[in-house]
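Data first, discussion second: the structure below is written as structure tokens.
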Amino acid sequence: MEQRTGNGPADGTKKARRKGNRIERLGVNGMILLQANHIAKYFGAEQILTDVKLEIQTGDRIALVGRNGAGKSTLLKILAGQLSGDGGEIIKPKETAVGYLDQHAGLNPDATLWEEMLSVFKHLQIMEKKLRELERQMADEKVLADGKSYEKVMAEYDRLHHAFQEAGGYQYEAEIRSILHGLKFRDDPKRVKVATLSGGQKTRLAMGKLLLAKPDVLILDEPTNHLDMETLTWLEQYLQTYPGAILVVSHDRYFLDKIVNQVLELADGRLTKYIGNYSQYVIQRQENYERALKRYEQQQEQIERMKDFIQRNIARSSTTRRAQSRKKALEKMPRMERPKDAGKTARFSFDINRQSGNEVLTVKNLQIGYGERTVAEGIRFRLTRGESAAIIGPNGIGKSTLLKTIAGKLAPLKGEILLGTNVEIGYYDQEQTELHSNKDVLHELWDENPFMKEKEIRTVLGNFLFSGDDVFKPVAALSGGEKARLALAKLMLKKANFLVLDEPTNHLDLESKEVLENALMDFPGTILFVSHDRYFINRMATKIFELSETGFREYLGDYDYYLMKKEEEARSGQPEAPDKGKGAPSRGEGRIPEKDYFMEKEAKKLERKRIRRIEEIQKRIEELEREIAEKERQLLDPEIYNDPKKSAEILNGIDSAKKQVDRYLDEWEKLEDPAD
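Mapping the sequence shown onto the numbering used here, position 393 (from 1) lands on 407, and the numbers just tick up by one.
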């Protein structure tokens, strides 16, 4: 593969110029910083990338999305020059600096955090050292006595001082402190050694160095790993004002919604471009698929009509010429391939054995922990049927411990946990301790559901992407994503009406997360969950429980609403709701805005369910109409219409299908106009 640089941008516009580590742009917006043309990559005999083309311009904020194993990280490494391709070329101006977040990048273990970050600014330190030397010379009596020498030193000092100032020489230490603080390195950076950091902390430090360097093109592969919500918020705000272009791979959809203005989808080795953030991409992708499917189906109908005409007219002398002409046209017709949907995606839904009472869970003055160690206390809240509540808070505060205690996996140290009538708990453990490593996939499900037939168990596993010999894989050999899907399959079969979920989206790819969200949106029971996935929280939560060092508090709304209330509290300097140990106010305590927001959230949830049902009905009607058309064509076959028994069977089938269409049309009409 060819790597090319030039004296200017690939499109011939004016070039970018760098002063120190600060980017200064000349020329018009939209300057091309990097181009990839016809990139190909093989691993062995398997082709991972096929004819990939892309360009990155100033101001671009690009998300690269695709299934696990699609080649996203491989493409990033090729663009960053970390890996060579097997075909194509990378073109960029020689002034363009490309920065790549390598989680295993060479940090000096013997350096302090301050020394490691300071290494980004070696050029400024050299300039600063030279300035001090020039200052010393200007104070030297010999130089002062020689007018020409003094003027020369002064001129050099003025030039260098201006360059130092322009390059951020008086701000870089403040920038280091700001980024270290934003990435939650709160201890004295001049004392902490890199060698003492955890793997996640080293990744954050490497990202901090890259942000300080301010490359023209910033390439980030899963930058949100190892970051809590506070740090994620800081990173989003920082990147929103970043002066260069950004190309990012991330499973954090909320992060992508906040950062990007275009999405590149990598599938089957090729890229498809979408304008907008991640949520807009999801909508556009579905619309594109539906349009392509409609064009494909229209062509298939046209082909069937032409075949039918040819079959009926080829043998007749009066119409054989027209039939021959139609046959030639059919042979020359370019055939469309059936468009691929999102691909092979898990398909599942959650049902319940029976409905619970209205009061699902009441927690009173709960103290949780392990043995004599208290993790959190003074927890009070209640859940009613149909609610979906998210528990959020910093790492280590006790969120998972609280879920385990409610699910009966840990005994409470103090207080009460009261379950309502007919409440059945289904617990999802992020550590997958509910799975048995000594079993295979098939028996992990079958042993807990012995009355199901093997075919039924295999069907369930197939819906969770375990097919063929996959069902005989030992649980111990499964990947994180496979274990997550297997645990969800077990949870689905339990048919519990109260789901307690600890980080359910961990290890799932983007498509599987969407399927899980849709399944939970349609779930007729109650949900209590812990998640760091803010997009998931925003879609699922009707209320937020915040667990912090100051107590346990409730917010009646989704994640965006929670952030809004926290901002209001920060501005006013005090919390708006009762603090530690208090549960949510009752609906009669004057919390009108929250109540309205809660009702609006419920209305949106019902609206999404209504729209999805309409789409299901439309799809089923199309299938039935194709079935009717096929049966009506069968009646034209002499072998069938001369056989009364076969004709009667087909007519009955047509009648039954038409009645189903009528029922679906009635339901559709009611859904389209719910006011009636």
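Even for Gly, the Cβ is constructed at its ideal location relative to N, Cα and C. Model, not experiment: these values are computed from the prediction.
DSSP places PRO257 in the coil class of the three-state scheme, outside both helix and strand. Taking C-alpha positions only, SER451 is separated from ALA490 by approximately 5 Å. If you draw a 10 Å sphere on the C-beta of ILE289, you find fewer than 16 other C-beta atoms in it, and that means exposed.
Beyond the five residues adjoining it in sequence on each side, GLY85 comes within less than 8 Å, by CB distance, of LYS55, ILE62, LEU63, LEU280 and GLY283 in the same chain, given in chain order. One thing to note: ILE541 has its Cβ no nearer than 7 Å to the Cβ of LEU507. In the three-state DSSP reduction, GLY429 falls in the strand class (E or B). Considering only SER402, LYS136 and LEU285, the residue with the shortest C-alpha distance to MET535 is SER402.
Taking the CA atoms as reference points, HIS195 sits about 18 Å from GLY213. Boundaries of the alpha helix (DSSP H) harbouring SER670: 658-686, taken from the DSSP string. Contact fails between the stretch 227-241 and the stretch 163-176, because fewer than three Cβ pairs, one in each stretch, are under 8 Å apart. Taking a C-beta distance under 7 Å as the contact criterion, ARG75 and VAL263 do not qualify as a contact pair.
Within the stretch 333-368, the runs of alpha helix (DSSP H) that reach at least 4 residues and sit entirely inside it are, in chain order, 334-346.
Annotation: the stretch 169-216 contains no complete segment of the beta strand (DSSP E) (minimum length 3 residues). For ASP484 and HIS521, the gap between their C-alpha atoms comes out near 18 Å. A distance of 7 Å or more separates the beta carbons of ILE471 and THR419. Fewer than three pairs of CB atoms, one per stretch, sit closer than 8 Å, so the stretch 216-234 makes no contact with the stretch 151-161. Using a 10 angstroms sphere on the CB of THR217, the tally of other CB atoms reaches 16 or more, which defines it as buried. Of the candidates LEU479, LEU397, ARG340 and GLY494, LEU397 places its Cα closest to the Cα of LYS557. Taking GLU142 as the centre and dropping the five residues before and after it, the same chain places no C-beta closer than 6 Å to its C-beta. Bounds of the beta strand (DSSP E) holding GLN276 are 276-281.
The criterion of a C-beta distance shorter than 7 Å is satisfied by ASN379 and GLY429.
CA-CA distance, LYS659 to LYS673, rounds to 21 Å.
With the rule of 3 Cβ pairs closer than 8 Å, the stretch 183-203 does not count as touching the stretch 78-93. Ranked by Cα distance from LEU127, the first of ILE70, ILE193, GLY183 and PHE178 is ILE193. Assignment of beta-bridge partners to SER402 by DSSP yields ILE541. For ASP235, the enclosing beta strand (DSSP E) starts and ends at 231-235.
Using a Cβ distance threshold of 7 Å, ILE92 and GLY99 count as a contacting pair.
Scanning the stretch 475-544 from its first residue to its last, the whole beta strand (DSSP E) runs of 3-plus residues come out as 512-516 and 540-544. Boundaries of the alpha helix (DSSP H) harbouring VAL455: 455-460, taken from the DSSP string.
The Cβ atoms of LEU417 and ASP572 lie no closer than 7 Å to each other. For the pair VAL377 and GLY434, the CB atoms are not nearer than the 7 Å cut-off.
A straight-line Cα-Cα distance of about 8 Å links LYS272 and GLN254. Here the alpha carbon of ALA188 sits roughly 12 Å from the alpha carbon of MET131.
Looking only at ARG585, ALA555 and SER586, the smallest Cα-Cα distance to ASP574 is reached by ALA555.
One alpha carbon belongs to PHE362, the other to ILE105, and they sit about 45 Å apart.
Inclusion of GLU69 and ILE46 in the CB contact set at 7 Å is warranted, their separation being smaller than that value.
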